[in-house]
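For reference, the structure is listed below as structure tokens.
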Amino acid sequence: MSNDKLTKKFTAVLKTMEGRIVEYGTAYVSLKDQSLDFTSDFVPIFKMGMRLKVVHVQRDIEVRSFEGEVYLSSQHLLRLVAIDDEILPGASSVESYDTKMDGQAFIQNLPAESPKRFSFLHKQRPAPLPQSFPISIYEVSLSQFKFTCDVVLEKDQRFILDVKSPVRLKSLPMQIDLAITFGASEMHSYRCNILDLTGYNYMQLEEYVRKLSLGSKMFLPSIPASEEKNL
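Residue numbers (my numbering): 183 to 413.
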């Protein structure tokens, strides 16, 4: 997951350092100010310097934990500084991550075409798809890929994907979910769903996505302001 995905507010839960849930709300991370704002209809007042935890929740799964020191506390806004973030185990199951890998797509079948009674009303059938073609994958998760290629594909088109590097995947069944770019461009961008992720492919992709998730840490370990004064 690229860090710019957290420049918008996200669902979060405020917790004590011991893990007790305090409040549900939304949060916003500012890399520029090295701070995090948590907002809710009601936020308890906390002492300056107290350390708290804000957890990013996605699809009811906790994906990232932010620990910080209270800098500002009001009834609706809590601001933390001296932030340290930790990627949680659930992140790899729901998040998508930027990547760069080349694959080879093999067409499995053509989209079904409903029969027409009058042939002269038929739209001209598109040119036959190549049996295989290269694709460039730029975003990956355990359920979806995003890629570019120079072939025009339709929604629900199925294909088999092989990848050799940086992760090895063999005969992974995929289906086009969305055409992201349109127009006269020679390259086209698509989002596709993984239809079946099991066995060897699951082990390979799960390990790769988990490594990507651990590499998406946003903050370097910081010294709390309360400790910094003593240096």
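Where a beta carbon is used, it is the ideal one built from N, C-alpha and C, also for glycine.
Tell me whether residue i sits in a helix, a strand or coil according to DSSP, three-state version.
{"i": "K190", "result": "coil"}
{"i": "M283", "result": "strand"}
{"i": "L387", "result": "helix"}
{"i": "K399", "result": "coil"}
{"i": "K337", "result": "coil"}
{"i": "V345", "result": "strand"}
{"i": "S274", "result": "helix"}
{"i": "R350", "result": "coil"}
{"i": "L360", "result": "strand"}
Can you grab the Cα-Cα spacing for the pair residue i / residue j, in whole Å?
{"i": "T330", "j": "D223", "result": "43 Å"}
{"i": "F327", "j": "D359", "result": "10 Å"}
{"i": "V195", "j": "S323", "result": "24 Å"}
{"i": "P312", "j": "I289", "result": "7 Å"}
{"i": "D338", "j": "N375", "result": "9 Å"}
{"i": "V391", "j": "G381", "result": "16 Å"}
{"i": "S398", "j": "I269", "result": "8 Å"}
{"i": "R377", "j": "S347", "result": "It is worth fixing the name first, because residue 377 is Leu in this sequence and not Arg. So the alpha carbons of these two residues sit roughly 21 Å apart."}
{"i": "K191", "j": "A287", "result": "36 Å"}
{"i": "D215", "j": "L354", "result": "43 Å"}
{"i": "L414", "j": "H370", "result": "In the structure as shown, the chain starts at 183 and stops at 413, and residue 414 therefore has no counterpart that could be examined."}
{"i": "L335", "j": "M232", "result": "54 Å"}
{"i": "F315", "j": "T281", "result": "19 Å"}
{"i": "V225", "j": "I319", "result": "42 Å"}
{"i": "L396", "j": "Y384", "result": "18 Å"}
{"i": "I203", "j": "I342", "result": "44 Å"}
{"i": "A276", "j": "E244", "result": "Here residue 276 is Val; the residue named in the question, Ala, does not match the sequence. Between V276 and E244, the C-alpha separation is close to 10 Å."}
{"i": "V263", "j": "V333", "result": "48 Å"}
Exposed or buried, residue i, counting other C-beta atoms within 10 Å across all chains shown (16 or more means buried)?
{"i": "M356", "result": "buried"}
{"i": "I227", "result": "exposed"}
{"i": "S367", "result": "exposed"}
{"i": "G285", "result": "buried"}
{"i": "K352", "result": "exposed"}
{"i": "L259", "result": "exposed"}
{"i": "R246", "result": "buried"}
{"i": "R241", "result": "exposed"}
{"i": "G207", "result": "buried"}
{"i": "R261", "result": "buried"}
{"i": "L254", "result": "exposed"}
Extract the residue ranges of the beta strand (DSSP E) inside the segment 184 to 268, only unbroken runs of 3 or more that lie entirely within it. Counting only runs of 3 or more, we get 192 to 197, 203 to 212, 217 to 221, 233 to 240 and 243 to 255.
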